[in-house]
Structures are given as C-alpha cells and as structure tokens.
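> In this note's numbering, the protein residues as written are 7 to 350.
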Amino acid sequence: MRIEEEIKLDYSDVLFRPKRSTLKSRKEVNLERTYKFKYSNFEWTGIPIIASNMDGVGELNVAQIMSEYKMITALTKQHKLDNIKKFPSIKKIYPFVSISCGTDEKAYKIVQNTLKELNFFQFLCIDVANGYSDHFSKFISSVRNDFPNKTIIAGNVVTADMTQELILSGADIVKVGIGPGSVCTTRIQTGVGYPQLSAVIECSDAAHGLGAHIIADGGCTCPGDISKAFGGGADFVMLGGMLAGHDEGGGKLIKKDNNKYIEFYGSSSETAIDKHYGGLLDYRSSEGKVVKIEYKGPLKETIQDILGGIRSSCTYVGAPSLKQLSKCTTFVRVGRQYNNVFDE
Ligand code: 5GP
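(1) From the DSSP secondary-structure annotation, give me the bridge partner or partners of L21.
(2) Since Y267 sits in a beta bridge, which residues does DSSP pair it with?
(3) Are there three or more Cβ pairs, one per stretch, closer than 8 Å when the stretch 220-235 is compared with the stretch 249-262?
(4) Relative to the C-alpha of L245, which residue among L87, V182, F22 is closest?
(5) What's the call for G225, buried or exposed, on a 16-neighbour Cβ count within 10 Å?
(6) Which first and last residues belong to the alpha helix (DSSP H) in which Y322 is found?
(7) Given 7 Å as the limit, tell me if T192 has its C-beta closer than that to any heavy atom belonging to the ligand 5GP.
(8) Who does L245 pair with in a DSSP beta bridge?
(9) Inspect the CB distances between the stretch 155-168 and the stretch 202-214 and report whether three or more fall short of 8 Å.
(10) Roughly how many angstroms lie between the CA atoms of S319 and S95, to the nearest whole one?
(11) Would you say the beta carbon of C334 is closer than 7 Å to some non-hydrogen atom of the ligand 5GP?
(12) From the DSSP output, read off the bridge partner residues of H219.
(13) State yes or no: is the C-beta of V198 within less than 8 Å of the C-beta of G187?
(14) When the distance is taken between beta carbons, is A218 closer than 8 Å to I179?
(15) Taking 7 Å as the cut-off, is the beta-carbon of E293 closer than that to any non-hydrogen atom of the ligand 5GP?
(16) Using the DSSP secondary-structure output, state which residues sit across from C131 in a beta bridge.
(17) Using a Cβ-based criterion (distance less than 7 Å to any ligand heavy atom), does A135 qualify as near the ligand 5GP?
(18) Taking 8 Å as the threshold (beta carbon to beta carbon), is Q195 in contact with chain D?
(19) By a C-beta neighbour count over all protein chains shown, 10 Å radius and 16 as the cutoff for buried, is R8 buried or exposed?
(20) Taking a contact to mean a Cβ-Cβ separation below 8 Å, would you say I99 touches V117 in this structure?
So, in structure tokens, the structure goes:
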C-alpha cells in the first residue's frame, strides 16, 4: 500500500486571482477556439463546451440550440440512424454533433453503420465508466484503424499515464473525469476517483505534450467551475447537470406544490440501465443516481448565463480570449469559495 501525500484539488478548492487588464468590456472577450486534431487532422472552430451524452442532455433538440452558439452535443448512445437522419437540420449542425458508443460489438456495429451512411459526422465519442482496461485501449486502436479520418474522443480516465496511452492508441481527444459528476455515485460505491481540477491539470499537460486534446467531463456546478476547468488547461468542458432540466432535453415534467421538476439520472443509474439495457446484471451495481431538478425553461437562457460568466472570468484575469485564459490563470487555494449565509 502507498499513499500519495500531495494535495489534489477540486474546482471548489481554488479561485482565480484577479489581474490587471486592459480589456474594456467582457463583450470583447472571444470564446471561440480553433483546434486541429492529432489524427483526424480535422480543424474545428467553436465555443468548446459539450453537452454530455446523457438522457435529457445529449438530445437532438439540445444539439440544435447548442449549435447556434457553435457548441457541441454528444448524442446519447441510444440515437439510431433513422432518428438522426430524420432530424431536419442535421446536415447543417453536424460539425457540432458527436455520436457515441461504448465498447460492445453490437453498439459499435450501429455506429459503424451511422458513420457510413452519414459520413459528414466528424466526432465519435467512445466512453466507458473505467477507461483503464487493456481491452479499452485495444478497442480504440481498432476504431482508429477503421476510421483514420474521424475525430475520436475516448474516456474516461484521470491520470497522465492513461491519457498518454489512449492518445498513443489513437484517440484525438481524451475525456477526463472519474466520479465528479452530479448524478454519479462511483466514489460512494467504489471509493475510486480523483479530484477533478487536478485531473484536468495533469491530463491536459500530458495530452498537450503529444499534440492531443482533453475534455474536462463532470463536476461543473456553476459557470465559475467551467472557467476553472479552462484555466486548468481543459480544451473542452463537458456538462451534464448544468444543461439538464430544460425544455429541449425532453424529460418528464413533474408538478409538485406549484413547482415544476424534471427527472435527471446518471447513465449507469438503475433507471438508465432498466430503460436501455433491461435491468442490472447481477454482478454489477448501479453507479449513478436519480434526482429531480427544478425545471429551468429554455436552454438559451442558461447558455447565455454560462457564457456571460466565462467572459467575465476572462476579463478579471486579463485574458482577451478563451485561448489566453490558462496562460493568465493563477489559482489561489481557498478554504471557502462562497458565502452561502442566505441560501436555503
Ligand atoms: P455533471 O456535469 O452532471 O457533473 O457530470 C456529467 C458527467 O457525469 C457525464 O458526462 C458522465 O461522464 C458522468 N456520468 C453520467 N452518468 C453517470 C453515472 O451514472 N455514473 C457515473 N459514475 N458517472 C456518470
């Protein structure tokens, strides 16, 4: 047994230190980035925020709105070719849509078919709860062989060694995060995880050294957390809970005592597994939970609030664009980030 003594940080453990700046207004801050991906050579421009491939978030109607802001949506694994084909604007929004699958043969066949028929799609997100198995790296290599020109997102991992391994196996982008998610119970169920900001800092450093990119996936609870992820070196930030609970996600609306709620659940919660896979296998346990979140109305308002927050972070630290945010970042470690005396 060994203990690592170095302190690892979550978003809530730090704040940005403000810096002198010549920016006049947050309106001047450019949030778009252009990336060229390591293997696919695809050049992408947009605001690097991704709606997670979870039910109620990774949906086509969400993608429609996200794409208006040049942000990406990873569709849930359950999206079938026919549904995607039928979506009226799919040929317009495809640079901002990723399809997803896991590592099972059947799902991969469906994805192969989708990519064959709808060849314009660029992004393929392959994610599993635990990206540390040998089998997973081998699977990424074989997908890279099948699709030399597609941009492959692979995850999830939280350490530099495995980030490098996935990149060397053929991933253009590595998805980082084990356990930080809003409806994730992995840390309770297994005791496994890694504080998310440190995971982002360490994995982005490893990926950038190899000319690849990372996505900070999970754990953002407010716009400031998204800025902290970018400040820590994330190329993209993936959001579940913050984008859930809106009209476009399509979840069940629940009315209770004059309030409206929408059910939201983890992709490996019992609810999700019952719905998509016909129940838990007896050697597995659920690593996700079901929550009711307050209905938030149209997605646009939330997006504008998020983008306003990130622009403002940039002006506080003197970054004229999102690209400069990490260079302008000094984090201070804090014992308390927020005064919640009037919160319920
Ligand atoms: P959030 O933005 O809600 O904090 O985190 C979203 C991320 O949580 C997702 O993109 C995914 O990586 C992760 N996630 C979603 N569902 C589950 C689940 O049931 N269990 C675990 N361990 N993680 C989940």
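Just so you know, even glycine gets a beta-carbon here, dropped at the ideal spot from N, CA and C.
Taking the geometry as given:
(1) Position 15 of the sequence shown, counting from 1, holds the residue named residue 21. DSSP lists V338 as the beta-bridge partner residues of L21.
(2) Within the sequence shown, residue 267 is the residue found at index 261, counting from 1. Y267 pairs with I260, E300.
(3) Proximity of the stretch 220-235 to the stretch 249-262 falls short of the contact definition, fewer than three beta-carbon pairs being nearer than 8 Å.
(4) Residue 245 sits at position 239 when you count from the first residue of the sequence shown. The candidate whose alpha carbon is nearest that of L245 is V182.
(5) As a first step, residue 225 must be located in the sequence shown, where it is residue number 219. With 16 or more Cβ atoms within 10 Å of its Cβ, G225 is classed as buried.
(6) Counted from its first residue, the sequence shown places residue 322 at position 316. Looking at the DSSP string, the run of the alpha helix (DSSP H) that includes Y322 is 305-323.
(7) Within the sequence shown, the letter at position 186 stands for residue 192. Yes; taking the cut-off as 7 Å, the Cβ of T192 has a heavy atom of the ligand 5GP nearer than that.
(8) Reading the sequence shown from its first residue, position 239 is the one you call residue 245. Bridge partners of L245: A57.
(9) By the C-beta criterion, the stretch 155-168 is judged to be in contact with the stretch 202-214, since at least 3 inter-stretch pairs fall below 8 Å.
(10) Residue mapping note: residue 319 aligns to position 313 of the sequence shown, counting from 1. Residue mapping note: residue 95 aligns to position 89 of the sequence shown, counting from 1. Distance between the alpha carbons of S319 and S95 is about 33 Å.
(11) For the purposes of this step, residue 334 is taken as residue 328 along the sequence shown, with counting starting at 1. For C334, the Cβ stays outside the 7 Å cut-off from all heavy atoms of the ligand 5GP.
(12) Indexing the sequence shown from 1 puts residue 219 at position 213. Bridge partners of H219 according to DSSP: I179.
(13) Taking the sequence shown and counting its residues from 1, one reaches residue 198 at position 192. Taking the sequence shown and counting its residues from 1, one reaches residue 187 at position 181. Going by C-beta atoms, V198 is not nearer than 8 Å to G187.
(14) Sequence index remark: in the sequence shown, residue 179 carries index 173 (1-based). Sequence index remark: in the sequence shown, residue 218 carries index 212 (1-based). By the CB criterion at 8 Å, I179 and A218 fall inside the cutoff.
(15) The residue labelled residue 293 in the question sits at position 287 within the sequence shown. Yes; taking the cut-off as 7 Å, the Cβ of E293 has a heavy atom of the ligand 5GP nearer than that.
(16) Start at 1 with the first residue of the sequence shown, and residue 131 comes out as number 125. Bridge partners of C131: S106, I159.
(17) By one-based count along the sequence shown, residue 135 stands at place 129. Placement of the Cβ of A135 at a distance of less than 7 Å from at least one heavy atom of the ligand 5GP is found.
(18) In summary, chain D is missing from the structure at hand, where a single protein chain is found.
(19) Position 2 of the sequence shown, counted from the first residue, corresponds to residue 8. With fewer than 16 other Cβ atoms within 10 Å, it is exposed.
(20) Here residue 99 is taken as the residue at index 93 of the sequence shown, counted from 1. Here residue 117 is taken as the residue at index 111 of the sequence shown, counted from 1. For the pair I99 and V117, the CB atoms are not nearer than the 8 Å cut-off.
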